[in-house]
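Quick notes on the structure that follows.
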Amino acid sequence: MKKIIGISLLFATSLKGFAQNRDTTTNLPADTTARWYAGKEIPKKQFKVAAFIVPVALMGYGFGAVYDHGALKQLDVSTKDELQEDHPLFAAHLDDYMQFAPAAAVYALNLAGVKGKHNLFDASMLYVTSGLIMGGSTHFTKRWVGRERPDHSGYNSFPSGHTASAFMAAEFLHQEYKDVDPWIGYAGYFVATATGTLRMYNNKHWFSDVVGGAGFGIASTKLAYLVYPYIKELFMFKKQSNFTLMPFHGQGGNGLMLSGRF
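Read in order, the letters of the sequence shown are residues -19 to -1, 1 to 243 in mature numbering (1 follows the signal peptide of the UniProt record, and there is no 0).
Written out as structure tokens, the structure reads:
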């Protein structure tokens, strides 16, 4: 049984105050719309094919090199031979940590007072969503392709997971800070590129593994920014459908008004 507690006038007044607060605290890009539940914004970005041209092209190059027996395959082999000839004993594990550096920068900047596009909770959920997409897609692709690593240590070379993780984090940093400072937004890509380079120096991946991994990483974050608002809206809608809590002021004093389904 529904039991609605509240007064229409109080409800209307609360909505008016809420709308005024939203207008003064929000500055959304032209290609987004905003949905509000419990006073929280859920921006939605329009899908744009152009945004995925680069990551799809990178992934396409990687897949092409996997099954190519001509120029692309030769480029992989020659790149490996050159790197190993110049640095045969190279062994550095910075790539194990550098892949997370662009994402760590998002938290460091927030703690330093340089705010990004989203609050830390939403930013964290976006990063987790990106990681789920990236991790799932690279894992199944590795198993499906079964490409041998250049050092013969396994058959899960394509795509490079470290590189995908690094470029996922780089795109995350870019999305959060591209409107704050372009240099901050693009800085993560330099770190991600260095991560992929180290994977080749360590003889763990072919050149095309790294290129393809970059595509997987960038695409994963872009997809996360498209789907996360819908995920958040779904959970917040369920919460709102149960009850709504809002402040009120009356002759008897101040308090909270609870309305919803009991």
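Where is the CB? At the ideal position from N, CA and C, for every residue including glycine.
Here the structure is a predicted model, which is why all the values come from computation and not from measurement.
message: Residues in the same chain with beta-carbon distance under 8 Å from G135, minus the five sequence neighbours each way, listed in chain order, please.
response: E129
- prompt: Once you ignore the five residues that flank F28 on each side, which residues in its own chain have a CB closer than 7 Å to its CB?
  reply: L207
- prompt: What's the call for N183, buried or exposed, on a 16-neighbour Cβ count within 10 Å?
  reply: buried
- prompt: Thinking C-alpha only, which one of G166, H68, M79 is nearest V95?
  reply: G166
task: Evaluate G41 with the Cβ neighbour count: other Cβ atoms within 10 Å of its Cβ, from every protein chain shown; 16 or more gives buried, anything less gives exposed.
output: exposed
field: Euclidean distance between Cα positions of S189 and G43
entry: 5 Å
message: Please identify the residue among H133, F139, H99 whose C-alpha is closest to the C-alpha of K123.
response: F139
- prompt: If we cut at 9 Å on Cβ distances, does G94 have a partner in chain D?
  reply: Included in the structure is just one protein chain, with no chain D present.
field: Start and end residues, alpha helix (DSSP H) containing Y108
entry: 101 to 126
- prompt: In its own chain, which residues sit with a C-beta less than 7 Å from the C-beta of T6, not counting the 5 before and 5 after it?
  reply: With a pLDDT of only 36 at T6, under the threshold of 50, the placement of this residue in the model should not be trusted; the figure read from the coordinates follows. Nothing listed; no residue qualifies.
query: Taking C-alpha atoms, which residue in D62, F81, S59, D49 lies nearest to A175?
result: F81
query: What is the C-beta distance between V172 and M115, in whole angstroms, given that I count them as a contact (C-beta under 8 Å)?
result: Actually they do not touch by this definition, with Cβ atoms about 16 Å apart.
message: For a quick check, are the C-beta atoms of F197 and P36 less than 9 Å apart?
response: yes
message: Looking only at its chain, what residues have a beta carbon closer than 7 Å to the beta carbon of V191, apart from the 5 residues adjacent to it on each side?
response: S141, T144, G177, R180, M181
field: Same chain, Cβ closer than 8 Å to H99, neighbours up to 5 away in sequence not counted
entry: L107, E157
message: Give me the residue from A52, G193, K185 with the minimum Cα distance to H74.
response: K185
task: Note down, one range per segment and in chain order, each beta strand (DSSP E) of at least 3 residues found wholly within the stretch 21 to 93.
output: 21 to 26
- request: Please classify D57: is it buried, with 16 or more other beta-carbons within 10 angstroms of its beta-carbon, or exposed?
  value: buried
- request: Assign I199 to one of two classes, buried (16 or more other C-beta atoms within 10 Å of its C-beta) or exposed (fewer than that).
  value: buried
- prompt: Which residues in the same chain have their Cβ closer than 6 Å to the Cβ of S222, if we skip the five residues on either side of it in sequence?
  reply: For S222, the predicted model reports a pLDDT of 46, less than 50, meaning its position is unreliable; a value from the coordinates is still stated below. No residues qualify anywhere along the chain.
query: Per DSSP, what kind of secondary structure is G193 in: helix, strand or coil?
result: helix
query: For the candidate residues W187, M217, Y211, whose alpha-carbon lies nearest to that of L53?
result: W187
- request: Would you tell me roughly how many angstroms separate the C-alpha atoms of Y18 and D132, rounded to the nearest one?
  value: Note that Y18 scores 35 on pLDDT, short of 50, meaning its location in the model is unreliable; the coordinates nonetheless yield the value given after this. Straight-line Cα distance between these residues: approximately 53 Å.
- prompt: By Cβ distance below 6 Å, which residues in the same chain neighbour T202 in space, the five residues on each side in sequence not counted?
  reply: S111, M149, E152, F153
query: Are the beta-carbon atoms belonging to Y209 and D103 less than 9 Å from one another?
result: yes
message: Just to confirm my understanding: we take Q65, look at its own chain, exclude 5 residues before and 5 after, and list those with CB closer than 7 Å. What are they?
response: N184
- prompt: Would you call the CB atoms of A86 and G169 closer than 9 Å?
  reply: yes
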